[in-house]
Ligand code: ADP
């Protein structure tokens with residue numbers, strides 16, 4: 002709940018919109034009650050055939066007459082009481098009668114005041130003819146219904162604007178979080194998890210906020226408007242009609258709990274469903290090559306079936322909320338009809354010895370009372386939707402906010418240092434590292450790479466080569482020890498400053514579904530087209546790019562699927578060349594490039610690597626030839642030796 006309250010607080014930053022929405026909701030509720038109250042004059046003039054002015058005058062006269070009679074009776078009773086001599090029982094009865102007359106007088110004074118206030122309005126604005134009065138009221142009802150819907154529309158739009166704003170804000174924050182987390186933290190959610198959070202969960206939260214600031218305001222206000230009207234007619238009878246409320250309240254609390262559990266299940270299933278779907282679709286080639294379509298189909302079917310099962314439970318509880326709230330509504334109306342009708346038919350003011358009204362109710366009075374309760378029953382019924390919406394919002398917030406609150410392990414110092422370029426040295430000082438806190442991937446590594454050095458990292462698979470690079474690029478922080486640039490731990494540097502110094506080509510080439518130009522320009526956004534072409538020539542990519550009908554404007558498809566592995570690597574290399582960074586990191590960067598092209602690339606590399614630090618993971622002897630130092634990484638230990646070519650030299 003606390004997270005949902007936070008979301009509501011976030012939303013309340015747009016308070017002018019919410020105040021506007023609240024005022025509109027109040028307008029809706031007021032007009033809702035007024036429309037029902039408008040029944041009164043219709044019934045009154047239709048039943049009695051007299052104008053409202055006459056009805057009001059007779060109310061004034063009746064009240065005045067009653068007040069006078071009561072005043073006389075009170076004087077008489079007071080005299081009797083003052084005279085003494087009355088037996089105790091009669092004294093008590095006389096006192097009781099005086100009290101009840103005083104109470105009744107208060108009601109009459111209220112009637113008199115309101116009727117006298119009303120009289121000039123009725124005289125000034127309402128026709129004297131009963132039928133014309135009915136017509137006027139009917140027109141007013143139509144106009145007020147129109148107005149009510151204008152208010153409702155405005156309120157819906159305002160609330161929706163705020164909720165969508167929050168959901169956009171949350172989406173942005175989740176996206177930013179995904180970009181800022183270290184890779185282990187990122188992988189806890191995975192792309193599928195982040196996708197589900199950005200779409201499904203943010204939607205849930207927005208729905209919850211809309212419900213709270215929309216339905217959860219409008220519907221209770223409508224109920225309040227109608228119950229206030231009913232209270233004015235007879236507060237005792239209204240309370241009697243609400244006797245079922247506690248039972249229904251208890252049922253709603255139970256239902257609330259069920260709904261929240263189901264909503265949580267739905268969310269976790271939705272996350273699983275995204276995982277299954279994205280995994281199969283991202284690896285579709287493997288699925289097809291190994292004819293695993295039936296297996297994947299079954300896995301997908303299972304996850305959708307689970308979703309469906311939970312969806313059905315959700316529907317069941319949501320549907321159950323309807324009858325429960327409706328029971329309260331109908332219970333109210335039924336009690337009011339039974340009690341009210343009994344009072345009117347028998348012209349009584351009491352039931353089971355409890356006073357319900359000061360004086361017997363009139364037919365129009367009880368009709369409006371019924372109307373008010375029916376008017377309250379409808380929003381009560383709609384409250385079930387409000388409860389569902391709030392629950393969904395709570396579950397959404399519970400999933401989103403903890404993720405947003407997760408601090409990235411790659412935090413920067415408040416005042417990060419900026420070092421002059423180029424750097425002098427990269428140093429590992431007793432660095433140990435573990436991804437999961439269990440297996441140690443690097444152990445107490447001491448290592449130094451000077452500026453301008455060309456280092457080849459070699460070693461068996463899983464030895465820790467890529468991990469070494471990950472630490473240099475600060476995709477992770479060491480578990481123990483520190484990686485230093487010119488003696489400053491990387492964690493004390495601005496992350497952007499560090500990354501700006503590095504150009505990296507990884508084993509898995511990552512390309513965007515954009516043009517080749519866009520993909521190369523990603524290395525340096527302000528590069529000119531000429532610079533991009535020069536970089537492409539260095540990476541031996543220009544020729545194949547020029548062969549495409551659209552040249553550099555060719556779209557590469559999702560993750561560059563329209564290109565061959567070697568072509569993709571060459572574009573990634575061009576991107577790295579374009580960056581013109583002081584540290585070049587190549588992780589098996591030419592592994593898929595044909596021998597002839599690779600030779601040409603090496604030639605370009607030999608010129609390019611001057612005046613920068615180059616760190617390359619490679620098994621290719623031709624690439625090794627570029628190196629002047631070899632780092633042998635094996636089961637977490639690193640040893641440094643001069644490259645064979647240098648030894649030979
Ligand atoms: P290399 O590049 O030498 O082949 P890596 O540095 O990629 O090896 O991996 C070293 C070890 O760390 C391997 O045993 C691998 O299983 C483990 N590893 C790599 N990446 C992760 C990760 N993100 N989470 C957990 N373990 C990992």
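In our numbering, the protein residues as written are 2 to 650.
Just so you know, even glycine gets a beta-carbon here, dropped at the ideal spot from N, CA and C.
Quick caveat: nothing in here was measured; it's all calculated off a predicted structure.
*Note down, in chain order, each residue of its chain lying with its Cβ closer than 6 Å to the Cβ of residue 400, except the 5 sequence neighbours on either side.*
Counting only Cβ-Cβ distances below 6 Å, and skipping sequence neighbours, we find 202 and 268.
*With DSSP run on the structure shown, which of helix, strand or coil describes residue 2?*
Looking at residue 2 - three-state DSSP - the assignment turns out to be coil, as it is neither helix nor strand.
_Mapping the DSSP letters down to three states, classify residue 617 as helix, strand or coil._
Of the three classes helix, strand and coil, the one that applies to residue 617 here is strand, per DSSP.
*Mind checking whether residue 141 and residue 32 have CB atoms under 8 Å apart?*
It is not a contact, given that the beta carbons lie outside the stated cut-off.
*Can you have a look at residue 539 and say buried or exposed, based on whether 16 or more other CB atoms are within 10 angstroms of its CB?*
Buried: at least 16 other Cβ atoms inside 10 Å.
_Please state whether the Cβ-Cβ distance between residue 461 and residue 588 is less than 8 Å._
With respect to residue 588, residue 461 sits apart: the two C-beta atoms are not nearer than 8 Å.
*Roughly how many angstroms lie between the CA atoms of residue 247 and residue 409, to the nearest whole one?*
Approximately 47 Å between the Cα atoms of the pair.
*Taking buried to mean at least 16 other C-beta atoms within 10 Å of its own C-beta, is residue 695 buried or exposed?*
Lying before the first or after the last residue shown, residue 695 is absent from the chain, which here runs from 2 to 650.
*Helix, strand or coil: how does DSSP classify residue 476 here?*
For residue 476, the secondary structure class from DSSP, reduced to helix, strand or coil, is coil.
*Reducing DSSP to helix, strand and coil, say where residue 650 ends up.*
Residue placement at residue 650 is flagged as unreliable, the pLDDT there being 42, under the threshold of 50; the coordinate-derived value follows with that caveat. Here residue 650 sits in coil by DSSP.
*asked:* Going residue by residue through the segment 545-628, where are the continuous alpha helix (DSSP H) segments of at least 4 residues, counting only ones entirely within it?
replied: Correct list: 566-580, 596-609 and 622-625.
*DSSP three-state call for residue 442: helix, strand or coil?*
Three-state result, residue 442: coil.
*Name the residue from 456, 38, 184 and 237 whose alpha carbon lies nearest to the alpha carbon of residue 620.*
For residue 620, the closest alpha carbon among the candidates 456, 38, 184 and 237 is that of 456.
*When we look at the beta-carbon of residue 439 and count the other beta-carbons within 10 Å, is it buried (16 or more) or exposed?*
By the 10 Å Cβ count, residue 439 comes out exposed.
*Between residue 437 and ligand 1, is the CB less than 7 Å from at least one heavy atom?*
The answer is yes for residue 437.
*Since residue 541 is in the beta strand (DSSP E), which residue starts that stretch and which ends it?*
Run containing residue 541: none; DSSP gives neither H nor E here.
*Does the segment 531-548 come within contact of the segment 571-586, defined as at least 3 CB pairs closer than 8 Å?*
Output reads yes: the segment 571-586 touches the segment 531-548.
_Pairwise C-alpha distance: residue 177 and residue 192_ = The straight-line gap from Cα to Cα measures roughly 13 Å.
*Does the distance from the C-beta atom of residue 610 to that of residue 627 stay below 8 Å?*
Closer than 8 Å, so yes.
*asked:* residue 583 and residue 607 - do their beta-carbons sit closer together than 8 Å?
replied: Against a cut-off of 8 Å, the Cβ pair of residue 583 and residue 607 comes out as no contact.
*Proximity below 8 Å, CB of residue 322 to CB of residue 388*: At the C-beta level, residue 322 and residue 388 come within 8 Å of one another.
*To the nearest angstrom, how far is it from the Cα of residue 334 to the Cα of residue 243?*
Their backbone Cα atoms lie some 9 Å apart in a straight line.
*asked:* For a test of your reading of the model: does the CB of residue 507 fall under 7 Å from any non-hydrogen atom of ligand 1? Yes or no.
replied: For residue 507, the shortest separation between its Cβ and any heavy atom of ligand 1 does not lie below 7 Å.
*Applying the criterion that 16 or more other CB atoms from any shown protein chain within 10 Å of the CB defines a buried residue, is residue 131 buried or exposed?*
Counting of Cβ neighbours within 10 angstroms places residue 131 among the buried residues, the total reaching 16 or more.
_ligand 1 and residue 596: does any heavy atom of the ligand fall closer than 7 Å to the residue's C-beta?_
Using a cutoff of 7 Å, the CB of residue 596 does not count as near ligand 1, since none of the ligand's heavy atoms is closer than that.
*Take residue 487 as the anchor and find which of 477, 449, 518 and 458 has the nearest alpha-carbon.*
Residue 449 is the option with its Cα nearest to residue 487.
*Would you say the beta carbon of residue 634 comes nearer than 7 Å to a heavy atom of ligand 1?*
Yes, ligand 1 has a heavy atom inside 7 Å of this Cβ.
_Start and end residues, beta strand (DSSP E) containing residue 630_ = Element bounds for residue 630: 630-635.
*Is residue 192 near ligand 1, judged by its Cβ being under 7 Å from some heavy atom?*
Outside the cutoff, so no.
*Comparing the C-beta of residue 163 with each C-beta of chain D, is any distance below 8 Å?*
The chain labelled as chain D is not found in the depicted structure, where only one protein chain is given.
*asked:* DSSP three-state label for residue 428, please.
replied: Residue 428: strand per DSSP, three-state reduction.
*Would residue 256 pass as a contact of residue 325 if the rule is Cβ separation under 8 Å?*
In this structure, residue 256 places its C-beta atom within 8 Å of the C-beta atom of residue 325.
*Check whether the Cβ of residue 456 lies closer than 7 Å to any heavy atom of ligand 1, and answer yes or no.*
False, no ligand heavy atom lies under 7 Å from that Cβ.
*asked:* Looking only at its chain, what residues have a beta carbon closer than 8 Å to the beta carbon of residue 172, apart from the 5 residues adjacent to it on each side?
replied: Non-local beta-carbon contacts of residue 172 in its own chain, meaning distances under 8 Å to residues more than five positions away in sequence, involve 199 and 203 in chain order.
*Could you tell me if residue 650 is buried or exposed, where buried requires 16 or more neighbouring beta carbons within 10 angstroms of its beta carbon?*
For residue 650, the predicted model reports a pLDDT of 42, less than 50, meaning its position is unreliable and no value from the coordinates is stated.
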